[in-house]
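Peer 1: Got a structure here, written out as structure tokens. Questions coming.
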Amino acid sequence: MSSDRRTAVAAGVLFLVTEIAAIGGLALYQPLLDAAPGALGPGAATSALRGALCELVLVAAVIGTGAVLFPVIRRRHEGMALGYACLRLLEAVVITVGVLGVLTLVTLRQEAAGVGGAAGVDRALVALHDWTFLLGPNIALGMNTALLAYVMYRSRLVPRFIAVLGLVGGPLICASGVAVMFGAYEQVSVAGSALAVPVFAWEVVLAVRLIAKGFEPARGRADVVGTPQTTHVR
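Reminder that position 20 of the sequence shown reads as 19 in my numbering, one-by-one numbering, no gaps.
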């Protein structure tokens with residue numbers, strides 16, 4: 000197996016891990032976030048801790064996609080490769096802040112049950128998580144998706160219809176995040192979920208393609224983003 004083929008498989012697996020971990024994490028700790036301030040039902044703490052572990056797996060996978068794809072993208076456009084890696088790192092940092100908010104919320108509800116003064120802190124931690132969930136897996140994700148899809152489209156590392164999913168999905172989920180920010184609708188809602196479908200489809204289809212077939216062979220000098228036509232593509 001060639002180096003690029005191994006890279007494609009690794010990237011594909013990591014993209015699938017991001018989807019599974021993100022969905023699992025949200026499902027596990029959402030009941031904690033939806034409960035009344037100070038409320039901690041049976042098993043809620045354990046469920047939230049499992050959700051936090053899922054989110055930490057997500058963080059590792061998000062950073063991993065940026066690191067694994069960096070050398071491949073760099074051969075096409077070094078600046079965009081660096082930008083993609085930095086945006087993935089930013090997304091991971093924001094998600095981590097949200098995880099810390101959830102873990103702190105669990106501790107607060109365990110140790111301050113029935114203490115009225117803790118209600119304000121409780122709501123603040125829920126709000127912290129909600130904002131990180133908006134800024135990380137929505138806005139930062141949308142930006143790095145659009146950037147990676149653009150490179151994939153121009154360099155034809157994957158079939159262009161796959162790249163188009165990212166070019167559509169990235170801006171859409173960014174726009175959705177801004178709409179949520181200004182109160183147009185809730186993030187976890189029919190509208191929010193519908194606008195997240197294209198970026199979800201992009202990551203899943205891209206992952207399956209990379210695992211099954213890898214990157215497309217180089218198609219010529221004109222497809223290299225931002226590179227003079229005299230440059231040889233390896």
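Glycine residues also receive a C-beta, built at the ideal position from the N, C-alpha and C atoms.
Which of the three DSSP states is assigned to F132 in this structure?
Peer 2: Here the question's residue 132 lines up with position 133 in the sequence shown. Here F132 sits in helix by DSSP.
Peer 1: Which of the three DSSP states, helix, strand or coil, is assigned to R155?
Peer 2: Your numbering for residue 155 matches position 156 in the sequence shown. Looking at R155 - three-state DSSP - the assignment turns out to be coil, as it is neither helix nor strand.
Peer 1: May I ask you to report which of helix, strand or coil DSSP gives E202?
Peer 2: In the sequence shown, the residue the question calls residue 202 occupies position 203. Three-state result, E202: helix.
Peer 1: Among G141, R73, P36 and G63, which one has its Cα closest to the Cα of V8?
Peer 2: Indexing the sequence shown from 1 puts residue 8 at position 9. Nearest C-alpha to V8: G63.
Peer 1: According to DSSP, simplified to helix, strand and coil, what is F181?
Peer 2: Working through the sequence shown from its first residue, we reach residue 181 at position 182. Three-state result, F181: coil.
Peer 1: I think T103 touches L124, with their Cβ atoms under 8 Å apart; what is that distance to the nearest whole Å?
Peer 2: The sequence position of residue 103 within the sequence shown is 104, counting from 1. The sequence position of residue 124 within the sequence shown is 125, counting from 1. Yes, they are in contact, since the Cβ atoms of T103 and L124 sit about 6 Å apart, within 8 Å.
Peer 1: Express the C-alpha separation of Q29 and V204 in angstroms, rounding to a whole number.
Peer 2: Along the sequence shown, one-based indexing puts residue 204 at 205. Along the sequence shown, one-based indexing puts residue 29 at 30. About 27 Å.
Peer 1: For my contact list, I172 and G141 are in at a C-beta cut-off of 8 Å; report their separation, rounded to the angstrom.
Peer 2: As a position in the sequence shown, residue 172 is number 173, starting the count at 1. As a position in the sequence shown, residue 141 is number 142, starting the count at 1. Rounded, the Cβ-Cβ distance is 4 Å, consistent with contact.
Peer 1: Which first and last residues belong to the alpha helix (DSSP H) in which P30 is found?
Peer 2: Taking the first residue of the sequence shown as 1, we reach residue 30 at position 31. First-last of the alpha helix (DSSP H) with P30: S2 to D33.
Peer 1: Return helix, strand or coil for V92, following the three-state DSSP convention.
Peer 2: Start at 1 with the first residue of the sequence shown, and residue 92 comes out as number 93. Looking at V92 - three-state DSSP - the assignment turns out to be helix.
Peer 1: Among the candidates E90, K212 and S192, whose CA atom is the shortest distance from the CA of T17?
Peer 2: Against the sequence shown, residue 17 aligns to sequence position 18. Considering only alpha carbons, the answer is E90.
Peer 1: Tell me the rounded alpha-carbon separation between D121 and I22.
Peer 2: Position 122 of the sequence shown, counted from the first residue, corresponds to residue 121. Position 23 of the sequence shown, counted from the first residue, corresponds to residue 22. Going from the Cα of D121 to the Cα of I22 covers about 24 Å.
Peer 1: Give every residue of the same chain whose Cβ lies closer than 8 Å to the Cβ of V67, excluding the five residues on either side of it in the sequence, and list them in chain order.
Peer 2: Start at 1 with the first residue of the sequence shown, and residue 67 comes out as number 68. Here the set comprises T6, A9, A10 and L13.
Peer 1: For L15, collect the residues of the same chain with a Cβ closer than 6 Å to its Cβ; drop the 5 residues on either side in sequence, then sort them by chain order.
Peer 2: Within the sequence shown, residue 15 is the residue found at index 16, counting from 1. Closer than 6 Å at the Cβ level, and outside the excluded window around L15, lie A206.
Peer 1: Decide yes or no for the touch test of the segment 209-217 against the segment 177-185: beta carbon pairs closer than 8 Å, at least 3 of them.
Peer 2: Contact between the segment 209-217 and the segment 177-185 is absent, because fewer than three Cβ pairs lie under 8 Å.
Peer 1: Does the distance from the CB of L134 to the CB of G100 come in under 8 Å?
Peer 2: Within the sequence shown, the letter at position 135 stands for residue 134. Within the sequence shown, the letter at position 101 stands for residue 100. No; because the gap between Cβ atoms is not below 8 Å, this pair is not in contact.
Peer 1: Return the CA-CA distance between V189 and V196, expressed in angstroms with no decimal places.
Peer 2: Against the sequence shown, residue 189 aligns to sequence position 190. Against the sequence shown, residue 196 aligns to sequence position 197. Approximately 11 Å between the Cα atoms of the pair.
Peer 1: State buried or exposed for E202, treating a residue as buried only when at least 16 other CB atoms are found within 10 Å of its CB.
Peer 2: Numbered from its first residue, the sequence shown carries residue 202 at position 203. Buried: at least 16 other Cβ atoms inside 10 Å.
Peer 1: If you run the structure through DSSP and keep just helix, strand and coil, what is P70?
Peer 2: Stepping through the sequence shown from its first residue, residue 70 is reached at position 71. DSSP places P70 in helix when its eight states are reduced to three.
Peer 1: Thinking S175 and L194 are a contact (beta carbons under 8 Å), I'd like their distance in whole angstroms, please.
Peer 2: Stepping through the sequence shown from its first residue, residue 175 is reached at position 176. Stepping through the sequence shown from its first residue, residue 194 is reached at position 195. Yes, S175 and L194 are in contact; Cβ-Cβ is about 4 Å, under 8 Å.
Peer 1: Secondary structure at P41, three-state DSSP: helix, strand or coil?
Peer 2: By 1-based counting over the sequence shown, the position of residue 41 is 42. Coil at P41, not helix or strand.
Peer 1: Please classify R75: does DSSP put it in a helix, a strand, or coil?
Peer 2: Within the sequence shown, numbered from 1, the residue matching residue 75 stands at position 76. R75 falls in the coil class under three-state DSSP.
Peer 1: Leaving aside the five residues before and after H107 along the sequence, list all residues of the same chain whose C-beta is less than 8 Å from its C-beta, in chain order.
Peer 2: As a first step, residue 107 is located in the sequence shown; it is residue number 108 there, counting from the start. Note on identity: in this sequence residue 107 is Leu, with His being the wrong assignment. For L107, where only same-chain residues beyond five positions count, the Cβ hits under 8 Å are A117, V120, D121 and L124.
Peer 1: When you compare only the Cα positions, how much space is there between A60 and V150?
Peer 2: Here residue 60 is taken as the residue at index 61 of the sequence shown, counted from 1. Here residue 150 is taken as the residue at index 151 of the sequence shown, counted from 1. Approximately 20 Å between the Cα atoms of the pair.
Peer 1: Please classify P136 as buried or exposed, where buried requires at least 16 neighbouring CB atoms within 10 angstroms.
Peer 2: To locate residue 136, count along the sequence shown from 1; it is residue 137. P136 comes out buried.
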